């Protein structure tokens, strides 16, 4: 076993009251934690949960094995943290882009396009979120519930501004989430050459105007 | 080990030319195969691929262990067959209902409602199809590609009849598939009390008319 990463261990014990709070207190600690999570994304994405190992994660992160145990007790625990981390990374990638949109219809188009771009850059996200269904169902469900709740809130805000139909709610938000996840799989993950701006445009026109003939 | 199911073995060798064609030739053989696949759905659905066992599948099916090897060489092989079987069961459940619809918009509503009903009756379908992503990616991908291709064909037929917009294609079909899969997870699998007719109606109104305010 490697020596524990003393700096990380000290910083943790310095800041902690309860032994379960492993939140890093310093910028250095936060950097180590991010390095571990980024390495875990690659390791779980390439190997899957069962074949992934803690020592491979620390090797990929370039940290001592002890640093891992400063922040996590087990492979299960870093996997759970990783699902939340990827969910938050995705949110932080998409949210500012969506908020800058001129209206809610455009927000959904730009949100989908930026999601497709995120998938291209983080191809492991599908495997990791999807494997959570088998490794940590609560994390899997929470990822989708929080994603859908954000969509629902922006739909309702758009409705309040009169930009979209007034009766939007949770069912519409789940429908949009599913649409985006499947388009991300097909045109982000499987097809590296698809024009994601065009995919988002076509899907957004369906979302805005529906299937009915335009000359109704 | 149990004795082989002689009747099944004989019928197979009677009908077979190549040793890899394990298609049953008699009604009795087809019944045995269906019993094995139905038992596999329960076993994989309850235990997951890694913990599922061939002997538990034959126990659940009430068949001899030899019957299993009449039709399958391995746990991987029956899992692969099961993904295709569930995909076809779903198709056979939804298709006649969809084909009886008066127009393409109604077909999508009735198709979604019958899918939600199917999920309620076959709760294991999510776990099995989703686990295929890790056990047999080609089957996972084929399930969605064939499902989406059916949607695309009925969209194009509806467009040709002038019932929906004329520019529908593959992107629209993937969007609808994703919508349906997510609504099935949320309102079919997670929420046994949701009014699936109402969910399908609201989602179909979004699909037909879009998010734009109705007074455009």
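Residue numbers (the working numbering), protein chains in the order written: chain W, 911 to 1126; chain C, 911 to 1126.
Where a beta carbon is used, it is the ideal one built from N, C-alpha and C, also for glycine.
On a predicted model such as this, the values are computed, not experimentally measured, just so you know.
I need the DSSP call for residue 935(W), collapsed to helix, strand or coil. Correct three-state label for residue 935(W): coil.
Using a Cβ-Cβ cutoff of 7 angstroms, what residues of the stretch 1035-1058 of chain C are near chain W? List them in chain order. Those would be 1040, 1041, 1043, 1044, in chain order.
Please name the residue in 1080(C), 1051(C), 1036(C), 1012(C) whose C-alpha comes closest to that of residue 1059(C). Ranked by Cα distance from residue 1059(C), the options 1080(C), 1051(C), 1036(C), 1012(C) are led by 1080(C).
Whole-number beta carbon distance between residue 1119(C) and residue 1122(W), since they are thought to touch under 8 angstroms: Contact between residue 1122(W) and residue 1119(C) holds, since their C-beta atoms are separated by about 6 angstroms, short of 8 angstroms.
Please report the Cβ distance between residue 958(C) and residue 1044(W), rounded to the nearest whole angstrom; I am assuming they are in contact, meaning their Cβ atoms lie under 8 angstroms. About 6 angstroms separates the two Cβ atoms, so the contact holds.
With a cut-off of 8 angstroms, do at least 3 Cβ pairs link the stretch 971-985 of chain C to the stretch 934-954 of chain C? Proximity of the stretch 971-985 of chain C to the stretch 934-954 of chain C meets the contact definition, three or more beta-carbon pairs being nearer than 8 angstroms.
For the alpha helix (DSSP H) containing residue 1066(C), name the first residue and the last one. DSSP places residue 1066(C) in the uninterrupted alpha helix (DSSP H) bounded by 1047-1070.
Cβ closer than 7 angstroms: which chain C residues qualify as neighbours of residue 1117(W)? Under the 7 angstroms cutoff, chain C gives 1120, 1121.
Three-state secondary structure (DSSP) at residue 968(C)? Looking at residue 968(C) - three-state DSSP - the assignment turns out to be helix.
Does the beta carbon of residue 1102(C) come closer than 8 angstroms to any beta carbon on chain W? It does not; no Cβ of chain W falls within 8 angstroms.
Closer than 8 angstroms by beta-carbon distance: list the chain C residues that pair up with residue 1124(W), in chain order. Here the neighbours are 1075.
Which residues in the same chain have their Cβ closer than 7 angstroms to the Cβ of residue 1113(C), if we skip the five residues on either side of it in sequence? Taken in chain order, the residues that qualify are 1022, 1089, 1093.
Does the separation of the CB atoms of residue 1024(W) and residue 1004(W) fall below 8 angstroms? Contact flag set, yes.
Burial state of residue 1127(C) (16 or more Cβ within 10 Å): Chain C is shown only over 911 to 1126; residue 1127(C) falls outside these bounds and no answer can be derived.
Could you tell me the distance, in whole angstroms, from the CA atom of residue 1106(C) to the CA atom of residue 937(W)? Their backbone Cα atoms lie some 49 angstroms apart in a straight line.
Is the beta carbon of residue 1073(C) closer than 8 angstroms to that of residue 1014(C)? For residue 1014(C) and residue 1073(C), yes; Cβs fall inside 8 angstroms.
Could you tell me which uninterrupted alpha helix (DSSP H) segments, each at least 4 residues in length, are contained entirely in the stretch 947-1032 of chain W, listed from first to last along the chain? Listed in chain order, they are 964-971, 975-981, 985-1009, 1014-1031.
Heavy atom of the ligand NAP within 7 angstroms of residue 1106(W) beta-carbon: Of the ligands one can find in the structure shown there are none, so the ligand NAP has no counterpart to examine.
Quick check on DSSP: helix, strand or coil for residue 1100(C)? Look at residue 1100(C) here: in three-state DSSP terms it is coil, with no helix or strand label.
Give a yes or no on whether the C-beta atoms belonging to residue 1033(W) and residue 1111(W) are separated by under 8 angstroms. Using a Cβ distance threshold of 8 angstroms, residue 1033(W) and residue 1111(W) do not count as a contacting pair.
If I'm right that residue 977(C) touches residue 946(C) with Cβ under 8 angstroms, what's the distance once you round it to whole angstroms? With a Cβ gap of about 7 angstroms, residue 977(C) and residue 946(C) count as contacting.
What are the boundary residues of the alpha helix (DSSP H) that includes residue 1088(C)? Annotation for residue 1088(C): the continuous alpha helix (DSSP H) segment containing it runs 1080-1093.
Proximal residues of chain C, C-beta to C-beta of residue 1091(W) below 9 angstroms: Simply 1088, 1091, 1092.
Taking C-beta pairs closer than 8 angstroms, name the residues in chain W that residue 1106(C) reaches, listed in chain order. Under the 8 angstroms cutoff, chain W gives no residues; its nearest Cβ is about 11 angstroms from residue 1106(C).
Would you mind working out which of 1001(C), 1085(C), 1036(C), 1096(C) sits nearest residue 1116(W), comparing C-alpha positions? Nearest C-alpha to residue 1116(W): 1085(C).
Name, please, each residue of chain C whose Cβ falls closer than 9 angstroms to the Cβ of residue 1003(W). Close partners of residue 1003(W) in chain C (Cβ separation under 9 angstroms) are lacking, with about 20 angstroms as the shortest Cβ gap.
Give the secondary structure of residue 1107(C) by DSSP, where H, G and I count as helix, E and B as strand, and everything else as coil. Here residue 1107(C) carries a helix assignment [DSSP, helix/strand/coil].
Taking a contact to mean a Cβ-Cβ separation below 8 angstroms, would you say residue 1087(W) touches residue 1057(W) in this structure? The answer is yes: Cβ separation under 8 angstroms.
For chain W, is any of its Cβ atoms less than 8 angstroms away from the one on residue 1020(C)? No, because no Cβ of chain W sits closer than 8 angstroms to the Cβ of residue 1020(C).
Whole-angstrom C-beta distance between residue 1036(C) and residue 1042(C), which should lie under 8 angstroms: Not really, about 11 angstroms apart at Cβ, beyond 8 angstroms.
Can you tell me the Cβ-Cβ gap for residue 1069(W) and residue 1075(W), rounded? I've got them flagged as a contact below 8 angstroms. Yes, residue 1069(W) and residue 1075(W) are in contact; Cβ-Cβ is about 7 angstroms, under 8 angstroms.
Straight-line Cα distance separating residue 987(C) from residue 961(C): If I take the Cα positions, the gap works out to 15 angstroms.
Distance, Cα to Cα, residue 1054(W) vs residue 1104(C)? For residue 1054(W) and residue 1104(C), the distance between alpha carbons rounds to 18 angstroms.
Cβ shell of residue 990(C) (< 6 angstroms), same chain only, five flanking positions each side left out: Take residue 990(C), set aside five residues on each side of it, and the residues of its chain with a beta-carbon closer than 6 angstroms to its own are 1046, 1049, in chain order.
Residue 1078(W) and residue 1065(W) - do their beta-carbons sit closer together than 8 angstroms? Their beta carbons are under 8 angstroms apart, which means residue 1065(W) touches residue 1078(W) by this criterion.
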